[in-house]
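Structure, as structure tokens:
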Amino acid sequence: MLRRSTVRLFAQVTRTISTTTTTFRLGLPHHHSVKEAIPKENKGTSSTHSETMDARAEEIADQFESVALGGGGGSRAARGGKKGGRGGGRSGGGGGGGREVQLSKALSKLLRHQAGSAGIELDERGFAPLDKVLQWGPIRSLQPPVTFSEVLQAVRDSDKQRFALKPNPSTNPDLDETLEDATKWLIRANQGHSIKLDSEGLLKPIALPDSEGKIPEGSVPVPEVVVHGTYFASWPKIVESGGLKPMGRNHVHFSIGLPEDKAGVISGMRKDAEVLVHVDVERSLREGDGIKWWMSENEVVLTEGDKDGLVPTGLFKEVVGRQQDVGILMKDGEEVAYLPEGLKIRAPMGK
């Protein structure tokens, strides 16, 4: 058996190679500016191949680390990351991280990406039988065994409200919410799927008011703010490709505010995002461009994009820096400025 330190070093090197390769594909030696390295007239190199290779390198690193560490068929997500969380029980996966973190990551990976390969069927709204979920290898390997109360706590305490629980009408016809038997419950991830699901069953459509000024039944109005968070390193590729793509998931994700807003936006944007892409959902719906817009249960705005799977730059109302003043980069779909010279470009964590 390989030493854990050796395995993790190999996995980290694999991810570092992916990140470094991305940087040099962009023509960006570390700490160089985008304006200096990518003049506007020299654009045109496709980013699709680099994005695919980066994702594959990350996948290989995950698989190597998981198998070599004896994760019981699990993955990095099932073992967790940072230390912390309550419970402190030992995990069969053998990795670091508090028990709550391990459980949350395992639930996310299964319900968003791996239910099919695990032999678990999701219904039209993305729900899976909780008892079958608890039998999935990386969750079953957590010791002592995961209890219903732990799952309930994970759902309630999720900082981004990633999951939803509901009684299973097939086994719990009275919809009794006091039962603590896993066979009586269903669980789902609220958004973030790569598993193909029907958006209409999972999400609420965003719609304009009708002729009487009313929002159609079952729909939600256009939020005042719809913004996508990205990174300085990613911005040139977004411009180059003509817009935002789901990148392996079913939808492009947008927030209805910023994490630091007083309203307390829950989800839809990573806290370390550097560039804010504000999009005009109202104009998209008004002009009937064929793009459907949705709202998840935890108030993340989602879209599959147009027929090419793209949210085109023509819908970008304004693109600005989040915490660093880089000026307005794009206005009403027109690129008006490059990232400033001297800006340090870093690869975002986990990307």
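My numbering runs 1191 ahead of the 1-based position in the sequence shown.
Here a beta-carbon is modelled for each residue, glycine too, at the ideal position from N, C-alpha and C.
Given the structure is predicted, the values throughout are model-derived calculations rather than measurements.
Phe1143, enclosing beta strand (DSSP E) - first and last residue: Not covered by the structure: residue 1143. The range shown for the chain is 1192 to 1542.
Alpha helix (DSSP H) segment containing Arg1290, residue limits: Counting along the chain, the unbroken alpha helix (DSSP H) around Arg1290 starts and ends at Arg1290 to Lys1300.
Please name the residue, chosen from Ser1410, Asn1359 and Trp1484, that lies closest to Leu1370 on a Cα-to-Cα basis. Nearest neighbour of Leu1370 by Cα position, chosen from Ser1410, Asn1359 and Trp1484, turns out to be Asn1359.
Go to Trp1426, then tell me how far its alpha helix (DSSP H) extends in each direction, as first and last residue. Trp1426 -> alpha helix (DSSP H) spans Trp1426 to Ser1432.
With distances taken between CB atoms, is the gap from Gly1433 to Thr1504 smaller than 8 Å? Their beta carbons are under 8 Å apart, which means Gly1433 touches Thr1504 by this criterion.
How long is the line joining the alpha carbons of Ala1319 and Trp1327, rounded to whole angstroms? One alpha carbon belongs to Ala1319, the other to Trp1327, and they sit about 12 Å apart.
Alpha helix (DSSP H) containing Glu1473: first to last residue? Its alpha helix (DSSP H) spans residues Val1472 to Glu1478.
Could you round the C-beta distance between Ala1380 and Pro1539 to whole angstroms and report it? I think they count as a contact, below 8 Å. No, Ala1380 and Pro1539 are not in contact; Cβ-Cβ is about 22 Å, not under 8 Å.
Just how far apart, CA to CA, sit Arg1461 and Val1411? If you take the alpha carbons of Arg1461 and Val1411, they lie about 24 Å apart.
Glu1291 and Ala1345 - do their beta-carbons sit closer together than 8 Å? It is a contact, given that the beta carbons lie within the stated cut-off.
Under DSSP, the beta strand (DSSP E) around Ala1380 begins and ends at which residues? In the DSSP assignment, Ala1380 falls within the unbroken beta strand (DSSP E) covering Trp1376 to Ala1380.
One or two residues paired with Trp1485 in a DSSP bridge: According to DSSP, Trp1485 bridges with Pro1396 and Leu1493.
Just to confirm before moving on: does the CB-CB distance between Val1416 and Gly1448 stay below 8 Å? Yes, Cβ-Cβ distance for Val1416 and Gly1448 is below 8 Å.
If we ignore side chains and look at the alpha-carbon of each, how far apart do Thr1338 and Val1324 end up? Distance between the alpha carbons of Thr1338 and Val1324: 12 Å.
Shortest alpha-carbon distance to Leu1304 belongs to which of Ser1446, His1384 and Phe1507? Residue identity differs from the one stated: residue 1304 is His in this sequence, not Leu. When each option's Cα is compared against that of His1304, the closest is His1384.
Secondary structure at Lys1522, three-state DSSP: helix, strand or coil? DSSP places Lys1522 in strand when its eight states are reduced to three.
I need the DSSP call for Gly1512, collapsed to helix, strand or coil. Looking at Gly1512 - three-state DSSP - the assignment turns out to be strand.
Cβ-based neighbour list, Leu1476, same chain, cut-off 6 Å, excluding 5 preceding and 5 following: Leu1399, listed in sequence order.
One question on the structure: do Val1517 and Val1472 come within less than 8 Å of each other, judged by their Cβ atoms? One thing to note: Val1517 has its Cβ no nearer than 8 Å to the Cβ of Val1472.
Work out the CA separation of Gly1317 and Val1502 for me, nearest whole Å. Put simply, the backbone Cα of Val1502 is about 24 Å away from that of Gly1317.
Residue environment, Lys1387, which counts as buried when at least 16 other CB atoms sit within 10 Å: Its Cβ having fewer than 16 others within 10 Å, Lys1387 is exposed.
Coarse secondary structure for Gly1328, derived from DSSP in three states: Gly1328 falls in the helix class under three-state DSSP.
Counting C-beta neighbours from all protein chains within 10 Å, is the total for Leu1366 16 or more, i.e. buried, or is it exposed? Only exposed fits Leu1366, as fewer than 16 other CB atoms lie within 10 angstroms of its CB.
With a threshold of 8 Å between beta-carbons, can Val1492 be considered close to chain D, or not? This model lacks chain D altogether, as it is built from one protein chain only.
Val1468 to Arg1474, Cα distance in whole Å? Looking at the two C-alpha atoms, the distance is approximately 15 Å.
Cα-Cα separation, Ser1266 to Asp1463: In this prediction, Ser1266 has a pLDDT of 32, which is less than 50 and means its spatial position is unreliable; what the coordinates show is noted afterwards. Cα to Cα, Ser1266 sits roughly 24 Å from Asp1463.
Please confirm whether Met1486 and Leu1393 have their CB atoms less than 8 Å apart. No.
Report back the beta-carbon spacing between Ser1299 and Arg1353 to the nearest angstrom; my notes put them in contact at under 8 Å. So it is a contact: roughly 6 Å between Cβ atoms.
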